[in-house]
Amino acid sequence: MKKGHALAALVAIAFLLVLIPGCVGRPVTRTEDFTNFDRLDVQNAFDVKITQSASFGVTITTSENLLDYLVVSQEGETLTLKLSPNHPFTDFTLMRKTLKARITMPSIRGLSLTGASRGTLTGFESANDLKLVVTGASSLELNNVEAGDVELEVSGASKVNGKLTSGDVTLGMSGASRVELIGSANDVRTTASGASQVKFEEFVHKTAKVDLSGASEATIDARDRIDGRLEGASRLFFLDNPVTGDIQVTGASTIKHK
């Protein structure tokens, strides 16, 4: 009986060893012909690298088994990368290894990363406003990005980090997300909930308005003035010597100079 079980286990393992490589499939690279877009919507665990360039370019590398489910489309000025809803793949880590996009574009006004996607934004210098949405366990790295006013929405255990130089920044966070920036800005307004973390020790700005709840934590370097509200065991640390304006602290929350 034991030999029978052992034989069955060996057969099952051998079957999986044959099946798994077949699921991944041979890598295939495809070039897409899209132009005149300045917004990106990236879904379904893509690993996308976006670089400023004088010309448009869209190159997708993926498993041959994913080609039938790959959807690359443009509506107006928004380019979308995703898989069709009926795709059978559930391993986000494996998908991100096999779903890769390389995009070049002259300027960018918006980027959305969802569904465990990972993005890198490199070398954009513009006075245009920029909206960044990072949700669903996704991550974004900013490499020397310069923009006008920036709106940043981060949720669902997502992460954003890197170097940003901008005008005003509006940051909304929830669901144990994390944002860590270096660089500079003018006015920064932060709303964070659900054990989210803000790391702005090297992100110098003039004024800050900070609203923290649900055991969230922020460290900021506002040089002129800080206003805010802390509740639900949240913590705010500040550097330098700004004026502390209208600050409300409740529910075992704390504010401290660092």
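First residue of the sequence shown: 30, per my numbering; consecutive thereafter. Each residue gets a CB set at the ideal place from its N, CA and C atoms; glycine is no exception. Only a predicted model underlies this, so the values are computations on that prediction, with no experimental measurement involved.
Classification of residue i by the beta-carbon crowding that lies within 10 angstroms, buried from 16 upward
i	result
Val208	buried
Glu246	buried
Arg55	exposed
Arg59	exposed
Pro114	exposed
Asp97	exposed
His234	buried
Asp275	exposed
Asn73	buried
Ser102	exposed
Ser225	buried
Lys285	exposed
Ser82	exposed
Thr279	exposed
Asp250	buried
Val179	buried
Thr219	buried
Val227	buried
Assigned secondary structure, residue i (DSSP; H/G/I helix, E/B strand, else coil)
i	result
Glu260	coil
Asn94	helix
Glu180	strand
Asn73	coil
Ser203	coil
Ala247	strand
Arg68	strand
Cys52	With a pLDDT of 47 at Cys52, under the threshold of 50, the predicted position of this residue should be treated as unreliable, and no value is reported.
Lys215	For the record, residue 215 in the displayed sequence is Asn; it is not Lys. Three-state result, Asn215: strand.
Leu161	strand
Ile137	coil
His116	coil
Lys287	coil
Phe63	coil
Asp275	strand
Gly280	coil
Leu268	coil
Thr58	strand
Thr88	strand
Bridge partners - residue i, DSSP secondary structure assignment
i	result
Lys78	Arg131 and Thr149
Leu169	Gly148 and Val189
Glu106	None; Glu106 has no bridge partner.
Asp240	Thr220 and Arg258
Phe316	No answer is possible for residue 316: it lies beyond the span of the chain, which begins at 30 and ends at 287.
Thr194	Glu175 and Ser213
| query | For the 8 angstroms Cβ check, are there 3 or more pairs between the segment 184-203 and the segment 102-110? | reply | no
| query | With a cut-off of 8 angstroms, do at least 3 Cβ pairs link the segment 157-176 to the segment 133-146? | reply | yes
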